[in-house]
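Contents: one structure, followed by commentary.
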Amino acid sequence: MRHPGTGIQRSNSDRAQRISNGSAPGACVRLARLEFAAGVWLLAAIAAAGCRGESRDAVKATAAVASAASNDKKTLQAAPFVDRAQELGIDFTYSDGSAAELSTMLESLGGGVGWIDFDRDGWLDLVATGGGSFPSNDTIAGRAGALFRNLDGKRFVSVGEAAGVEADSLFTHGVAIADYDDDGFQDFLVTGYGQPQFWHNLGDGTFREESAAAGLLDDRWGSSAAWADLNGDGNLDLYLCHYVDWSFENHPYCASNMPNKRDNCPPREFQPLPDVVFYSQGDGTFVDASSSARLREDGKGLGVLICDVEPDGDVDIYVANDTTDNFLYINDGRGVFEEVAVAAGVARDDRGIPNGSMGVDVCDFNRDGRPDLWVANYERETFALYRNEGHGRFLHVSQRLGITDLSGLFVGFGTACADFDSDGDEDLMVANGHVVRFPVNSPRKQLPLLMQYDGRRFQRVRSAPGSYFGDPHEGRGLATADFDADGDLDVAISHQSEPLALLENQFHKHNRALELSLVGIRSNRDAVGARVELTSGEQVWRRQIIGGGSYLSHNGRSVFFALPEQPEPRSLVVHWPSGVKQTFDASSLSGQVTLLEPVSDDDSPPRLRIWKEFE
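Per my numbering, residue 69 is the first one in the sequence shown, and the count goes up by one each step.
Structure, rendered in structure tokens:
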């Protein structure tokens, strides 16, 4: 249902004129599924104890167990992802500042990655945040990130300097991408320790930093961010997570389990910083609406996901907090929120304990039409899958679905719930890595996870050493997209002190694929909040265009469906954020398709652009 907005509404005729003047994307943005996977990092029981207790032998033993597990008798097929970053021209490593050995909180969060078609050539380009360093014991310096242009899915070239985005004014963490001004060119925000960088795409291959001009002024420690139309006025708004009040003036000594060695402090040593939401005023500027939106001030935000949880036609907000209750904000349709996470059952785990939550995503794993929430947590905790029971209630189902079989060795960050193997069911992926210098229970470098859903439980896909999923990493940000336009989801992953990985999906393709890109006209141009339903026989698959998700990262915007051969897909239904519902025959659809929102309710037939059929 369309709700009245409180901001400045752009007219439908203005939006339609921009489309007719060539503002529609020149090709389909590859895909995004209902992504959300980000999270927060906590230091549960061992952190509360100051990271002391067990010996280094315990660490070695745990690592050996994790390594051996990769070759146990329960092994399924090896995860068929191949890291092609170096081969394709992507050579970039996030700098966490740990070389200074100051054990600061800033070193733990890491960096993110995001998919953006900044030049509108139809190929998704890649942006990565750079982190920073500590030139002295009380000085924080930023490091420029990177922008890689995608050349036909076969090669990437570094264009950050030419595009004007290699600023080093900020110790950076996250990236959030959106066409905030509806001009057809995607812009992006970079978060970090202090004033975020807001890069406005000028449409000629270059960007200009406009945080001050846009009114996006914020000097607190930012982590993940998400764009969505929160108040229903057709303009994209911004939710920005804040972490804790660490500074060099508030930098306590936290002992490690190594003699005379300090370690990164747990988040419980610090007070939370309140999150902020900026509402668009419709003229390219924003205003802080945190108070009127009724945001809480007691979280330690690391991940954020914006989607239609109920679903009722407006978008809601789920925030992954570190060692404090997660937040679930239910929208009244006008941008005023009620925080209901405890009552809904998604604030804590199944034992009633707040987790160290980091990565977050949304999916409909059981295909009952209700969006479920997925959260990657800290070690000694369970990664949480909250099944949507309807009527505003969720149930923690990790144990019954096999997720607790993973044990508590992993510290999860970037994550995605998506159909990686093209079998129609959504799978789970998590990038893992520790947050302290001298961990006790598990090693700093940890194996990434891929879990396939068989219709009843999630089973871990294991790989031999030498492959990406068979070797340990210090994973952080993770973002999915079909960068090579071959009809499946690929993955970019950022690490601590290790080059960025670009994982090409080499699963055998069981079905045809449809990657659907939506262009809003009455709605926000990115169509964040749109819901898509594909029907084939008695089966229905549902996806959403989301804001945020994963951890510090941004997935491609398109939604992905693996199409069954029999019976043929019958219908495709799109619920636009404006309240418009579109239904059309899907029997002949496959490949990359762009759908434009109707200008009026009687605008038919649907305006489709088929850009590419997959081979």
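Even glycine gets a Cβ: it sits at the ideal position worked out from N, Cα and C.
Per-residue DSSP class, three states only, for residue i
i: V410; result: helix
i: L463; result: strand
i: F628; result: strand
i: L568; result: coil
i: P320; result: coil
i: G501; result: strand
i: S237; result: coil
i: I561; result: strand
i: E457; result: strand
i: L496; result: strand
i: Q650; result: strand
i: D151; result: strand
i: E636; result: coil
The ligand NAD heavy atom lying under 7 Å from the CB of residue i
i: V641; result: The ligand NAD is not part of the structure shown, which contains no ligands of any sort.
Close beta carbons around residue i, own chain, < 7 Å, minus the five adjacent residues each side
i: D648; result: The amino acid at residue 648 is misidentified as Asp; the sequence shows Val. Once the five neighbours on either side are set aside, the close Cβ partners of V648 are R590, E665, P666, D669.
i: R593; result: D247, D250, V587
i: L170; result: F202, N205
i: D164; result: E175, G178, G199, Q564, S565
i: F506; result: C119, S324, N325, M326, K329, D331
i: F275; result: A231, G232, V233, W267, H268, N269
i: Y321; result: R330
i: R512; result: G501, H502, E542
Buried/exposed call for residue i, threshold 16 Cβ in 10 Å
i: H576; result: exposed
i: D159; result: exposed
i: A281; result: exposed
i: E572; result: buried
i: F224; result: buried
i: S618; result: buried
i: F451; result: buried
i: H541; result: buried
i: N318; result: exposed
i: V355; result: exposed
i: I421; result: exposed
i: G180; result: buried
i: A560; result: buried
i: E583; result: buried
Nonlocal neighbours in the same chain, by C-beta distance under 6 Å from residue i, ignoring five residues either side
i: W644; result: S591, A598, E665
i: L215; result: V195, V227, G228, A231, V233
i: G555; result: A581, F682
i: D418; result: H464
i: P148; result: Q574, F575
Closest by C-alpha distance to residue i, when choosing among the options
i: G210; options: S646, V559, F451, G260; result: G260
i: N389; options: R468, V312, S565; result: V312
i: S531; options: R544, P516, R524; result: P516
i: G424; options: L453, V404, N394; result: N394
i: Q405; options: V465, N299, R419; result: The residue you asked about is not Gln; residue 405 is Phe in the sequence shown. For the residues V465, N299, R419, the minimum Cα distance to F405 belongs to N299.
i: S626; options: D400, Y536, A553; result: A553
i: E378; options: V430, P334, N303; result: V430
i: E457; options: A412, D473, A484; result: A412
i: D436; options: F354, R611, V414, V596; result: R611
i: Q263; options: A244, G290, S315; result: G290
i: A153; options: K222, D189, R188, T207; result: K222
i: H310; options: D272, Q265, Q514, G371; result: G371
i: A146; options: D522, V529, T662; result: V529
i: N303; options: V661, F433, Q349; result: Q349
i: C333; options: F316, F346, I208; result: F316
i: R288; options: L238, A294, V243, G271; result: L238
i: S604; options: F338, D185, L474, L640; result: L640
i: S292; options: E633, L602, L620; result: L620
Sheet register partners of residue i (DSSP bridge)
i: L582; result: F629, G659
i: Y397; result: I385, E407
i: G182; result: V195, H622
i: E601; result: R610, V641
i: L373; result: Y386, G616
i: G424; result: D390
i: V243; result: V258
i: P340; result: V312
i: A296; result: D305
Same chain only: Cβ atoms within 8 Å of residue i, ignoring 5 sequence neighbours per side
i: A126; result: Unreliable placement is indicated for A126, whose pLDDT of 37 sits below 50; the coordinate value is still reported in the next sentence. The answer, listed in chain order, is V508, N509.
i: I87; result: With a pLDDT of 37 at I87, under the threshold of 50, the modelled position of this residue cannot be trusted; read the value that follows with caution. Within the same chain, I87 has close Cβ partners V587, I589, L664.
i: A112; result: Low local confidence applies: a pLDDT of 32 at A112 is under 50, so the model's placement there is unreliable, and no value is given.
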